[in-house]
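Before any comments, here is the structure.
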Amino acid sequence: MVFGSLSLTRVLDHNPLNSVSQDTFTGLTSLMFLSMVNTSLVQLPQPSLCHHTPNLSWVDFEGNQVLTISYSTLMTCSQLTVL
36 MVFGSLSLTR
46 VLDHNPLNSV
56 SQDTFTGLTS
66 LMFLSMVNTS
76 LVQLPQPSLC
86 HHTPNLSWVD
96 FEGNQVLTIS
106 YSTLMTCSQL
116 TVL
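Here the sequence shown is numbered in this note's numbering, starting from 36 and rising by one per residue.
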């Protein structure tokens, strides 16, 4: 569990991350807002961004290298309103 003690909001802006797995957010069931601006991401977590974060409603991936987002990445993000 990488960020297990965090809740509600997580800002990871300007970190040299090129990928994250869905297990990166294990235990963050209360996470609602996630900002990963300018982090060098080239892909989003597979197979699902919200597998461990069912309450995620707002994410910001601005300034990254993500070119495509597959349907499965967002399929379980039922609370997501801002991408």
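Even glycine gets a Cβ: it sits at the ideal position worked out from N, Cα and C.
Distance, residue j Cα to residue i Cα
i: Met67; j: Val77; result: 22 Å
i: Glu97; j: Ser65; result: 23 Å
i: Asn73; j: Cys85; result: 20 Å
i: Gln100; j: Pro80; result: 14 Å
i: Ile104; j: Met71; result: 15 Å
i: Leu52; j: Thr59; result: 12 Å
Endpoints, beta strand (DSSP E) assigned at residue i
i: Leu69; result: Phe68 to Ser70
Under the three-state DSSP convention, the category residue i falls into
i: Thr44; result: strand
Residue range of the alpha helix (DSSP H) that includes residue i
i: Thr88; result: Counting along the chain, Thr88 falls outside any alpha helix (DSSP H), and DSSP gives it neither H nor E.
i: Leu109; result: Tyr106 to Leu109
Cross-strand partners of residue i (DSSP beta bridge)
i: Val117; result: Trp93
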